[in-house]
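Last residue of the sequence shown: 636 (my numbering), numbering continuous.
C-beta atoms are modelled at their ideal positions from N, C-alpha and C, and glycine is treated no differently.
First up is the structure itself, then whatever we jot down about it.
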Amino acid sequence: MSATVVKGLDEKGQRISSMDFEAMVRAAAETSSAIQVESMGQHNLGIRLQHEDGLVIEVSGPTGQRLGCMGMPGTTITCKGAASDDVGYLNIGAEITVLGDATNGVCNAMANGKVYIGGSIGARGLTMTKWNPAYDKPELWVLGSTGDSFAEFNCGGVAVVCGVDAKNPGNITGYRPCVGMVGGTIFFRGEMDDSYSRNNARLAVPTDEQWQWLEDNMPAFLAKISRDDLQSSLLVRDEWQVYNAVSPQERALIFSGPMPMAEFRNKHWNKAFGGGDPLRDLAPGLDRSPIGAVPTGDMRRKKPFWANRESAAPCTYFCPVHIPTVDRLRLIREGRIDEAYEMLLNYTPLPASICGAVCPNLCMDNCSRQGVDDAIEVQVLGRSVGTAKSPEVAASLGKKVAIVGGGPAG
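Shown next, in the form of structure tokens:
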């Protein structure tokens with residue numbers, strides 16, 4: 227069957243809108259298993275397209291965003307040039323080939339299928355991928371390099387970054403790859419800046435099984451992008467490295483806190499001394515058994531102490547002159563009104579005007595009773611001493627005091 231041609235310009239040479247063009251491509255896919263798309267920057271080419279006999283789509287011309295979005299199994303899409311953002315977005319089985327570069331978001335949220343890029347890609351490629359163990363893992367193959375934040379929150383996708391004619395040869399996988407990565411594998415060839423997330427990925431060399439997989443699948447990738455001449459130069463094992471996802475068990479150990487002493491002794495201490503004791507030569511007869519709790523005597527390890535009034539109440543702490551309001555209330559409850567008044571005079575000579583009017587009452591703002599009902603009305607307590615009997619004036623010392631300045635600053 228000959229291919230059906232769908233053009234992005236109408237009879238008047240005007241660009242067809244992305245919505246109308248998508249409908250035209252979809253109508254062609256219903257009657258033909260081979261479509262040639264002459265794009266003029268339209269978006270969503272190949273979105274959710276499938277044919278019972280398989281569907282082959284060739285795209286030429288400027289390609290818009292989301293090429294192969296939601297690509298279906300059995301669909302093959304080939305872009306003869308560069309592609310815009312989100313190639314293979316939400317792909318669930320299509321095979322997509324871009325013979326040039328692709329910009330940001332390649333394979334974002336992809337769950338299945340394969341994407342081959344014959345150049346380099348932009349930022350946030352292979353992010354938020356999914357993988358159902360009942361199906362093959364999604365794959366991204368890049369001939370050049372990737373942009374920043376590569377494989378961010380990757381949950382199972384496999385990527386191969388070859389480093390050929392890379393946009394950034396000094397940093398093949400971009401800045402901060404693998405942040406939040408919980409699954410999948412990243413093969414790469416070339417230099418990197420060592421900024422990968424160590425909480426989420428482990429840098430290693432390919433295992434025998436991983437290398438066998440790479441050898442088996444590299445020829446198909448190079449054939450797709452018409453670069454079979456690179457096969458011998460790319461299959462040099464010593465040039466490849468791998469980012470492996472940190473397993474949930476390893477991640478639990480990372481955030482589990484300090485290693486218990488017993489684990490340190492068994493894993494590190496005993497191994498360092500050949501299973502022996504470094505003090506054995508100095509004290510061969512010394513008992514090495516664990517020391518139990520010592521509840522009495524000079525060797526007692528934990529001794530209780532009376533911690534009453536170790537810390538100030540919030541009202542006392544936040545008071546500018548640290549009036550112990552708790553003690554004042556206790557004296558009032560006990561009927562010792564005069565003692566409460568005298569205690570207050572030890573902190574301020576003007577309790578009625580200060581506590582009752584002038585002070586911003588930081589004690590009330592921070593009163594712990596607010597969690598139960600209301601703060602203590604310290605202003606009322608302050609004004610209540612306005613009618614109290616003034617203390618007796620002490621005998622004159624016969625000395626004079628000079629005050630420089632006026633008001634509170636005097």
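If I measure Cβ to Cβ from residue i and keep anything under 7 Å in the same chain, skipping five residues before and after, which residues do I get?
i	result
Val390	Leu369, Gly370 and Leu456
Gly234	Arg241, Ile242, Phe247, Glu264, Ser265, Met266, Gln268 and Gly287
Val604	Thr551, Cys581, Asn587, Cys589 and Met590
Asp311	Gln291, Thr329, Asn330 and Gly331
Met444	Gln457, Leu460 and Leu461
Val405	Ser375, Glu378, Ser423 and Asn426
Would you mind reading off the limits of the alpha helix (DSSP H) that contains residue i?
i	result
Asn443	Asp434 to Lys450
Thr542	Pro540 to Phe544
Cys333	From DSSP, Cys333 is part of no alpha helix (DSSP H); its letter is neither H nor E.
Ala566	Ile563 to Leu571
If you measure between the beta carbons of residue i and residue j, is that distance less than 8 Å?
i	j	result
Glu264	Gly287	yes
Gly290	Ser346	no
Arg415	Val387	yes
Asn380	Thr399	no
Gly294	Gly307	no
Tyr342	Lys497	no
Ala328	Gly410	no
Asp442	Arg402	no
Leu429	Gln475	no
Arg252	Leu271	no
Tyr469	Ile412	yes
Asp236	Ser259	no
Ala538	Arg554	no
Pro617	Leu571	yes
From the options, pick the residue whose C-alpha is nearest to that of residue i; which is it?
i	options	result
Asp464	Met487, Ile283, Asp434 and Thr304	Asp434
Pro299	Glu284, His277, Tyr567 and Arg292	His277
Gly344	Cys333, Thr323, Gln436 and Thr329	Thr323
Thr574	Val552, Gly280, Ala335 and Pro546	Pro546
Arg595	Met487, Pro540 and Ser228	Pro540
Gly608	Pro516, Ile517 and Met569	Met569
Gly382	Ala446, Trp437, Ser473 and Asn394	Ser473
Cys585	Val606, Tyr567 and Ile517	Val606
Trp357	Asn394, Asn397, Val408 and Pro395	Val408
Got a sec, what are the start and stop residues for the beta strand (DSSP E) residue i sits in?
i	result
Glu531	The question names Glu, but residue 531 in the sequence shown is Phe. That residue, Phe531, is in no beta strand (DSSP E); it is neither H nor E in DSSP.
Arg415	Gly409 to Arg415
Asn480	Reading off the sequence, residue 480 comes out as Ile, not Asn. It is not in any beta strand (DSSP E) - Ile480 instead sits in the alpha helix (DSSP H) that spans Pro474 to Ile480.
Ala320	Ile318 to Val324
Glu264	Ala260 to Glu264
Ala471	Trp466 to Ala471
Gly382	Cys381 to Val387
Glu256	Glu256 -> not in any beta strand (DSSP E); alpha helix (DSSP H) instead, spanning Ser244 to Thr257.
Give me, in chain order, the residues of the same chain whose beta-carbon lies closer than 6 Å to that of residue i; leave out the 5 immediate sequence neighbours on both sides.
i	result
Val231	Gln262
Glu284	Gln262 and Thr304
Thr302	Val282 and Glu321
Phe376	Gly351, Thr399, Gly400 and Pro403
Leu366	Cys333, Val341, Leu352 and Ala385
Thr542	His548 and Pro550
Met336	Gly314, Asn317, Thr355 and Pro364
Between which residues of its own chain and residue i is the CB-CB distance below 8 Å, once the five residues before and five after are set aside?
i	result
Asp591	Phe544 and Ala601
Thr257	Thr230
Ile480	Asn425 and Val472
Check whether the Cβ of residue i sits closer than 7 Å to any heavy atom of the ligand GDP, and report yes or no.
i	result
Asp434	Only the bare structure without any ligand can be found here, which leaves the ligand GDP out of the picture.
- Query: Counting Cβ pairs closer than 8 Å, one from the segment 417-432 and one from the segment 314-331, do we hit at least three?
  - Reply: As far as the Cβ criterion goes, the segment 417-432 does not touch the segment 314-331, which means the pair count is below three.
- Counting Cβ pairs closer than 8 Å, one from the segment 574-590 and one from the segment 604-618, do we hit at least three? Judged by Cβ distances under 8 Å, the segment 574-590 makes contact with the segment 604-618, as three or more pairs qualify.
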